[in-house]
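Enquirer: Numbering (the numbering used here), first residue to last: 95 to 387.
Don't be surprised by glycine CBs; every beta carbon is placed ideally from N, CA and C.
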């Protein structure tokens with residue numbers, strides 16, 4: 095090849111880290127600004143508000159709440175310390191509302207772009223399929239954290255407005271300061287957010303299988319509900335430790351003194367395994383997929 099020919103040869107440049115950061119920022123802003131996302135966050139914010147108001151009304155006459163065996167975790171302690179509303183709200187939203195919200199966002203990540211006809215234009219930019227997929231997954235994981243923090247912040251605000259705050263009693267019966275309890279509440283929120291990365295990877299994989307965002311969202315949410323139903327069937331006890339939802343409520347062990355780490359470690363390890371398996375499956379599918387829209 096002559097120098098003249100080499101001079102006219104197109105030069106392929108790898109996108110800079112700043113460009114990648116810009117793509118991630120754009121994805122985050124686009125996701126948060128969607129009306130669907132705002133509606134999901136609104137529903138999550140309403141849960142601790144409704145729980146706090148219900149407990150306040152129920153205890154107005156001095157009656158106790160949450161003394162039965164079927165009451166949600168930490169519910170009976172809310173009237174003594176509003177910080178327990180954080181733990182109750184997370185326990186109430188984790189089985190359905192939080193994974194549903196994450197499933198909707200993850201399911202729409204790729205399929206929604208494909209259905210809207212914008213996926214092909216995204217790939218025209220120097221992103222590459224792998225980089226774009228990683229950016230989408232990072233966006234979904236950021237939403238996991240945002241959704242969990244919305245529940246936590248609203249629960250803390252409502253708990254502080256309606257109930258007293260102060261030192262609190264752990265599940266083990268020991269007393270800890272409010273500052274330590276607040277730190278444990280933040281740690282619990284982070285653990286709950288990390289508990290959703292398996293659902294995020296599953297939803298992203300489903301999103302690569304179809305061009306319909308609605309179908310991907312419905313399939314992901316349906317799979318989450320199905321797995322949780324299977325997790326309650328006694329005859330499947332041998333398989334249940336491998337379901338991504340099996341150790342979700344292990345975050346309650348952070349309110350023990352000393353903390354029980356066994357189920358917490360199992361939960362985080364299981365989520366990492368699901369993220370690796372379904373993340374790899376999503377990459378294999380997306381990098382070989384024929385994208386015409």
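Are the region 252-266 and the region 172-181 touching, with three or more C-beta to C-beta distances below 8 Å?
Expert: yes
Enquirer: Going by DSSP, which residues form a beta bridge with residue 269?
Expert: Mapped onto the chain shown, residue 269 falls at position 175. Answer is 263, bridged to residue 269.
Enquirer: So, at 6 Å on beta carbons, what are the nonlocal neighbours of residue 134 in its own chain, with the 5 sequence-adjacent residues on each side left out?
Expert: Here residue 134 corresponds to residue number 40 of the chain shown, with the count starting at 1. Beyond the five residues adjoining it in sequence on each side, residue 134 comes within less than 6 Å, by CB distance, of 195 in the same chain, given in chain order.
Enquirer: Can you tell me where the alpha helix (DSSP H) with residue 130 in it begins and where it stops?
Expert: Indexing the chain shown from 1 puts residue 130 at position 36. It spans 129-152 - the alpha helix (DSSP H) in which residue 130 sits, taken as one unbroken run.
Enquirer: Give the list of continuous alpha helix (DSSP H) stretches no shorter than 4 residues that lie fully inside the region 281-349.
Expert: 291-301 and 307-324
Enquirer: Does the Cβ of residue 255 have 16 or more other Cβ atoms within 10 Å, making it buried, or fewer, making it exposed?
Expert: For the purposes of this step, residue 255 is taken as residue 161 along the chain shown, with counting starting at 1. Per the 10 Å Cβ criterion, exposed.
Enquirer: Quick one: using the 10 Å Cβ neighbour count with 16 as the cut-off for buried, is residue 368 buried or exposed?
Expert: The residue you call residue 368 lines up with position 274 of the chain shown. With 16 or more other Cβ atoms within 10 Å, it is buried.
Enquirer: Distance, Cα to Cα, residue 207 vs residue 269?
Expert: Here the question's residue 207 lines up with position 113 in the chain shown. Here the question's residue 269 lines up with position 175 in the chain shown. In this model, residue 207 and residue 269 are separated by some 51 Å (Cα to Cα).
Enquirer: Give me the Cα-Cα distance between residue 308 and residue 202, rounded to the nearest whole angstrom.
Expert: Taking the chain shown and counting its residues from 1, the one referred to as residue 308 is at position 214. Taking the chain shown and counting its residues from 1, the one referred to as residue 202 is at position 108. In a straight line, the C-alpha of residue 308 is about 7 Å away from that of residue 202.
Enquirer: What whole-angstrom Cβ distance do residue 126 and residue 311 have, given they're in contact under 8 Å?
Expert: In the chain shown, the residue the question calls residue 126 occupies position 32. In the chain shown, the residue the question calls residue 311 occupies position 217. With a beta-carbon spacing of about 17 Å, residue 126 and residue 311 fall beyond the 8 Å limit used to define contacts.
Enquirer: Under 7 Å Cβ to Cβ from residue 58, same chain only, skipping five residues before and after it: list those, please.
Expert: Because the chain in this structure spans residues 95 to 387, residue 58 falls outside the shown range and cannot be described.
Enquirer: If you count every other CB in all the chains shown that lies within 10 Å of the CB of residue 154, and 16 or more means buried, which is it?
Expert: As a first step, residue 154 is located in the chain shown; it is residue number 60 there, counting from the start. Residue 154 should be labelled exposed.
Enquirer: Determine the direct distance from the alpha carbon of residue 152 to that of residue 143, and round the result to whole angstroms.
Expert: Position 49 of the chain shown, counted from the first residue, corresponds to residue 143. Position 58 of the chain shown, counted from the first residue, corresponds to residue 152. Answer to the nearest angstrom: the Cα atoms are 14 Å apart.
Enquirer: What residues in its chain sit with their C-beta under 6 Å from that of residue 405, if we drop five residues either side in the sequence?
Expert: Nothing about residue 405 can be read from this structure; the chain reaches only from 95 to 387.
Enquirer: Tell me the DSSP secondary structure of residue 351 in three-state form.
Expert: Indexing the chain shown from 1 puts residue 351 at position 257. Reduced to three states, the DSSP call for residue 351 is coil.
Enquirer: Measure how close the beta-carbons of residue 266 and residue 347 come, nearest whole angstrom, since I'm counting them as under 8 Å.
Expert: Within the chain shown, numbered from 1, the residue matching residue 266 stands at position 172. Within the chain shown, numbered from 1, the residue matching residue 347 stands at position 253. Actually they are not in contact, since the Cβ atoms of residue 266 and residue 347 sit about 10 Å apart, beyond 8 Å.
Enquirer: Is it right to say residue 222 is buried, meaning 16 or more other beta carbons lie within 10 angstroms of its own, or is it exposed?
Expert: Numbered from its first residue, the chain shown carries residue 222 at position 128. Looking at its Cβ environment, which holds fewer than 16 other Cβ atoms inside 10 Å, residue 222 is exposed.
Enquirer: May I have the straight-line CA-CA distance separating residue 371 from residue 341, to the nearest angstrom?
Expert: The residue you call residue 371 lines up with position 277 of the chain shown. The residue you call residue 341 lines up with position 247 of the chain shown. Going from the Cα of residue 371 to the Cα of residue 341 covers about 18 Å.
Enquirer: Given a cut-off of 9 Å on the beta-carbon distance, is the pair residue 264 and residue 293 in contact?
Expert: Position 170 of the chain shown, counted from the first residue, corresponds to residue 264. Position 199 of the chain shown, counted from the first residue, corresponds to residue 293. No, these two residues do not count as a Cβ contact at 9 Å.
Enquirer: In chain order, which alpha helix (DSSP H) runs of at least 4 residues are fully inside the region 166-239?
Expert: 178-187, 191-210 and 213-218
Enquirer: Report the three-state DSSP secondary structure of residue 379 (helix, strand or coil).
Expert: Along the chain shown, read from residue 1 onward, the residue named residue 379 stands at position 285. DSSP places residue 379 in helix when its eight states are reduced to three.
Enquirer: Run through DSSP, which three-state label would residue 115 get?
Expert: To locate residue 115, count along the chain shown from 1; it is residue 21. In the structure shown, residue 115 sits in a helix (DSSP, three-state: H, G or I).
Enquirer: Starting from the C-beta of residue 161, find all residues in its chain whose C-beta is less than 6 Å away, skip the five residues before and the five after it, and write them out in chain order.
Expert: The sequence position of residue 161 within the chain shown is 67, counting from 1. Interpretation of residue 161 is limited by its pLDDT of 49, a score under 50 that renders its predicted location unreliable; no figure is taken from the coordinates.
Enquirer: Where residue 343 and residue 334 are concerned, what is the direct C-alpha to C-alpha distance, given to the nearest angstrom?
Expert: Your numbering for residue 343 matches position 249 in the chain shown. Your numbering for residue 334 matches position 240 in the chain shown. If you take the alpha carbons of residue 343 and residue 334, they lie about 14 Å apart.
Enquirer: Could you check if residue 376 is buried or exposed, using at least 16 other CB atoms within 10 Å of its CB as the buried criterion?
Expert: The count along the chain shown starts at 1 and reaches residue 376 at position 282. With 16 or more other Cβ atoms within 10 Å, it is buried.
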